[in-house]
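Q: The listed protein sequences correspond, in order, to chains D and Z. Convert by adding 436 to the 1-based position in the first sequence; the result is the number in our numbering. Convert by adding 19 to the 1-based position in the second sequence; the result is the number in our numbering. The beta-carbon is built from N, C-alpha and C at its ideal position, and this holds for glycine as well. Before anything else, here's the structure in question.
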Amino acid sequence: MDFVVTDAWYLVLGALLFTVGAVGVLVRRNPLVMLMCVELMLNAVNLTFVTFSRMLGDVGGQAIVFFVLVVAAAEVVVGLGITVALLRRLPGGTADDVSYLRG
Amino acid sequence: MVELVTFGLAAIIVLGGAFGVVLSRNPVHAALSLVATLFGIAVLFIAQEAHLLAAVQVIVYTGAIVVLILFVIMLLGIDRVDDVTAEPLRAQRGLAALLAAGLLGCTGLLLWLADGDADRMVTGRQSATAALRSDESNIAQIGRVLFTDYVVAFEITAALLTIAVVGAVVMAKRPSTLAPLPEHPDAPGAVPDDEEVAG
């Protein structure tokens, strides 16, 4: 194997990170840790976009990453609001118990 | 050589942090592992000459989002709760392992079909939306593209941020009267008395 870092290595790293994040969302039950695993997946996608942006010579890929960052920040704000509302009422709450917030 | 060392170290940090997030029992350890992953990703951004994104990643992701998560962990006091990984859905671990095998299998298949050559893995057209130029700085290019080609999306994300802030304030407000909760096996006997902590 030649040891020149090609773009394929970045893409594979992004795929591995996405896989770890996806498995984490499915396996963990603490809502905060699930949110962190979603952030892992978003970062994997960001890395893939930047790699493609460099491979295809297109700065639009980096602009998309900018928007993904903004949307991720908004999503974390809302997700933490939901988590605070849940855990204030139900201190041992997990993601299964969000239905208690109904109404 | 420099790029190989940079990539190797950053990849180890990124994957080590990712496994730390998924496998840590303590949520605070998971948040700190996430910080490691985000810094590794920022290093990889710089290695790919996306300087603005690396800076924004450190400031927004590491400096705001993870700090917000740590605030919530400390506010709710759940760092003391050891996350016991009991599983209510019996098949969930197996299905997660199946998903992981599927994703890794797809990645391996793609690598095998393209013989590890990245140019054959990518099917897009060169510079389809906005050409990456080498004479202008990265910040200037992204700024120009954001304010000309993608200005509508830019304004919509500004509105989205406002909506998110309003929604979070509404959700986190304490209700004036708390309705009684239905029976739950893990809930304590009374509504938790934490006004002096958060009020």
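1) Please state the DSSP three-state secondary structure of Ala116 (chain Z).
2) Does the region 500-516 of chain D come into contact with the region 84-99 of chain Z, if we say contact requires no fewer than three beta-carbon pairs (one atom in each stretch) closer than 8 Å?
3) At the level of alpha carbons, what is the spacing between Val79 (chain Z) and Arg193 (chain Z)?
4) Which whole-angstrom value describes the C-beta separation of Phe173 (chain Z) and Leu165 (chain Z), a residue pair presumed to lie in contact below a C-beta threshold of 8 Å?
5) Along the chain, where does the alpha helix (DSSP H) containing Pro527 (chain D) start, and where does it finish?
6) By the criterion of Cβ-Cβ separation under 7 Å, what are the contact partners of Ala510 (chain D) in chain Z?
7) With DSSP as the reference, identify every bridge partner of Ala150 (chain Z), one or two as the case may be.
8) In terms of residues, what are the limits of the alpha helix (DSSP H) holding Ser43 (chain Z)?
9) Check each residue of the region 23-54 of chain Z: if its Cβ is closer than 7 Å to any Cβ of chain D, include it; give the result in chain order.
10) Would you call the region 459-479 of chain D in contact with the region 106-119 of chain Z, where contact means no fewer than 3 C-beta pairs closer than 8 Å?
11) Please report how far the alpha carbon of Asn466 (chain D) lies from the alpha carbon of Val62 (chain Z), in whole angstroms.
12) So with CB distances below 7 Å, who are the chain D contacts of Gly135 (chain Z)?
13) For the alpha helix (DSSP H) that contains Thr167 (chain Z), what are its first and last residues?
14) Between the C-alpha atoms of Gly450 (chain D) and Tyr169 (chain Z), what's the straight-line distance to the nearest angstrom?
15) For a quick check, are the C-beta atoms of Phe38 (chain Z) and Val481 (chain D) less than 8 Å apart?
16) Report back the beta-carbon spacing between Ala55 (chain Z) and Gly35 (chain Z) to the nearest angstrom; my notes put them in contact at under 8 Å.
17) Which same chain residues end up closer than 8 Å to Phe66 (chain Z) when comparing Cβ atoms and leaving out the 5 residues on each side of it in sequence?
18) Rounding to the nearest angstrom, what Cα-Cα distance links Val141 (chain Z) and Phe488 (chain D) in this structure?
19) Under 8 Å, Cβ to Cβ, is there at least one residue of chain Z near Met472 (chain D)?
20) Hey, out of Z:Cys125, Z:Leu51, Z:Ser43 and Z:Asp138, whose CA is closest to Asp443 (chain D)'s CA?
21) Mind checking Asp533 (chain D): buried by the 16 CB within 10 Å criterion, or exposed?
22) Counting C-beta neighbours from all protein chains within 10 Å, is the total for Val501 (chain D) 16 or more, i.e. buried, or is it exposed?
23) Would you kindly work out how many angstroms separate the C-alpha atoms of Pro527 (chain D) and Ser153 (chain Z), rounded to a whole number?
24) Using a threshold of 8 Å, state whether the C-beta atoms of Ile92 (chain Z) and Val40 (chain Z) are closer than that.
25) Using a C-beta to C-beta distance shorter than 7 Å, which residues of chain Z count as neighbours of Thr455 (chain D)?
A: Once the coordinates are examined:
1) Ala116 (chain Z): helix per DSSP, three-state reduction.
2) As far as the Cβ criterion goes, the region 500-516 of chain D touches the region 84-99 of chain Z, which means the pair count is three or higher.
3) So the two alpha carbons sit approximately 28 Å from each other.
4) The distance from the Cβ of Phe173 (chain Z) to that of Leu165 (chain Z) is about 5 Å, consistent with a contact at the 8 Å cut-off.
5) Boundaries cannot be given for Pro527 (chain D), as no alpha helix (DSSP H) includes it and DSSP labels it neither H nor E.
6) Among the residues of chain Z, those whose CB is under 7 Å from the CB of Ala510 (chain D) are Leu179, Leu180 and Ala183, following chain order.
7) According to DSSP, which records beta bridges pairwise, Ala150 (chain Z) is partnered with D:Asp494.
8) For Ser43 (chain Z), there is no enclosing alpha helix (DSSP H), since its DSSP letter is neither H nor E.
9) Cβ contacts with chain D come from Leu23, Phe26, Ala30, Val33, Leu34, Ala37, Phe38, Val40, Val41, Pro46, Ala49, Ala50 and Leu53.
10) The region 459-479 of chain D is in contact with the region 106-119 of chain Z.
11) A straight line joining the alpha-carbon of Asn466 (chain D) with that of Val62 (chain Z) spans about 29 Å.
12) Close partners of Gly135 (chain Z) in chain D (Cβ separation under 7 Å): Ala444.
13) Counting along the chain, Thr167 (chain Z) sits inside the alpha helix (DSSP H) bounded by residues Asn157 to Thr167.
14) Their backbone Cα atoms lie some 25 Å apart in a straight line.
15) One thing to note: Phe38 (chain Z) has its Cβ no nearer than 8 Å to the Cβ of Val481 (chain D).
16) Contact check for Ala55 (chain Z) and Gly35 (chain Z): beta-carbon distance about 7 Å, within the 8 Å limit, so the pair qualifies.
17) Reading the sequence as shown, one finds Ala at residue 66 (chain Z) and not Phe. So the list reads Glu22, Thr25, Phe26 and Ala29, once near-sequence residues are dropped.
18) The alpha-carbon atoms of Val141 (chain Z) and Phe488 (chain D) are separated by roughly 8 Å.
19) So yes, Met472 (chain D) belongs to the interface.
20) For Asp443 (chain D), the closest C-alpha among the options Z:Cys125, Z:Leu51, Z:Ser43 and Z:Asp138 is that of Z:Asp138.
21) Classification of Asp533 (chain D): buried, given that the 10 Å Cβ count is 16 or more.
22) Result: buried.
23) For Pro527 (chain D) and Ser153 (chain Z), the distance between alpha carbons rounds to 54 Å.
24) No. Outside cutoff.
25) For Thr455 (chain D), the neighbours in chain Z by C-beta distance under 7 Å run, in chain order, Ala119, Leu122 and Leu123.
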